[in-house]
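Here is the structure we will look at.
Chains as they are written, first to last, in the numbering used here: chain A, 4 to 115; chain B, 7 to 119.
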């Protein structure tokens with residue numbers, strides 16, 4: 004059983020701070036990793052994806068991947084109240100095609 | 007470009023009935039996946055279709071089935087509904103290439119009474 008683990012939180016940070024979200028996965032053969040944001044009552048929306056070890060930056064978001072440690076993280080700089088949501092980590096565990104495994108999500112609250 | 011479209015948005019059914027959910031992918035996306043989201047279990051993979059063929063399948067009973075049409079549109083069917091089937095059903099489309107991101111529709115909220 005391929006598993007993705009996240010700290011469910013809730014995580015609270017003040018506005019302007021850095022929020023750090025973490026995720027571990029069990030399948031060492033996984034090749035692609037994704038972060039989704041889900042507002043209450045809405046569907047998940049893609050924030051970032053990362054395939055290679057290291058950091059990938061997109062605006063205020065940075066994804067970090069360490070395949071040796073089977074660890075993925077998402078940093079949100081200059082956190083805004085609009086960032087308050089549940090963040091889902093996902094790993095594509097399909098041998099062919101797409102079969103994504105999702106963590107249960109980390110609830111983030113940014114306090115004005 | 008239009009996003010993933012799911013219909014209907016809300017459904018209320020009674021135990022024992024069956025239901026069909028519909029999904030139209032983003033134009034050019036030929037892979038369509040279905041997920042079930044519940045508060046207790048989170049997002050769980052149901053199946054993925056590509057070229058009208060089921061390419062991957064999750065650990066759900068045979069009451070859950072799907073199909074894909076030649077225009078990449080997909081339907082999901084749940085027969086003999088149970089109370090535990092109450093959930094948000096999400097359709098996601100992606101490009102054909104493995105490891106392409108999933109793009110989700112707004113979901114269908116199914117309530118079984």
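We treat Cβ as the ideally placed atom computed from N, Cα and C, and that holds for glycine. For clarity, every value in this text was computed on a predicted model and none was experimentally measured.
Closest residue to residue i among the options (Cα-Cα distance)
| i | options | result |
| --- | --- | --- |
| residue 91(A) | 32(A), 52(A), 17(A) | 52(A) |
| residue 52(B) | 68(A), 73(A), 113(A), 97(A) | 97(A) |
| residue 47(B) | 115(A), 112(A), 106(A) | 106(A) |
| residue 50(A) | 110(A), 65(A), 58(A) | 65(A) |
Assigned exposure category for residue i - 16 Cβ within 10 Å defines buried
| i | result |
| --- | --- |
| residue 83(B) | exposed |
| residue 93(A) | buried |
| residue 68(A) | buried |
| residue 18(B) | exposed |
| residue 121(B) | Since the first and last residues shown for chain B are 7 and 119, residue 121(B) lies out of range. |
For residue i, the three-state DSSP class (helix, strand or coil)
| i | result |
| --- | --- |
| residue 84(A) | helix |
| residue 90(B) | helix |
| residue 51(B) | strand |
| residue 25(B) | strand |
| residue 101(A) | coil |
| residue 105(B) | coil |
| residue 65(B) | coil |
| residue 44(B) | strand |
Within chain B, the residues that residue i reaches when beta carbons sit closer than 9 angstroms
| i | result |
| --- | --- |
| residue 49(A) | 107, 108, 109, 110 |
| residue 62(A) | Ordered by position in chain B, no residue passes the 9 angstroms Cβ test against residue 62(A), which lies about 17 angstroms from the chain. |
Neighbour list for residue i in chain A, Cβ cutoff strictly below 8 angstroms
| i | result |
| --- | --- |
| residue 54(B) | 97, 100, 101, 102 |
Amino acids of chain A, ordered along the chain, whose beta-carbon sits closer than 7 angstroms to that of residue i
| i | result |
| --- | --- |
| residue 37(B) | 100, 101 |
Contact set between residue i and chain A, taken where Cβ atoms lie within less than 9 angstroms
| i | result |
| --- | --- |
| residue 96(B) | 46, 47 |
Residue i: contacting residues in chain B (beta-carbon distance under 7 angstroms)
| i | result |
| --- | --- |
| residue 105(A) | 48, 49 |
Closer than 6 angstroms: residue i CB and nearest the ligand GDP heavy atom
| i | result |
| --- | --- |
| residue 90(A) | Questions concerning the ligand GDP fall outside what the structure shown contains, since it holds no ligand whatsoever. |
Could you tell me which uninterrupted beta strand (DSSP E) segments, each at least 3 residues in length, are contained entirely in the segment 8 to 90 of chain A, listed from first to last along the chain? As far as the segment 8 to 90 of chain A is concerned, its whole beta strand (DSSP E) runs of at least 3 residues are 14 to 17, 22 to 28, 36 to 41, 48 to 53, 57 to 61, 64 to 69, 74 to 79.
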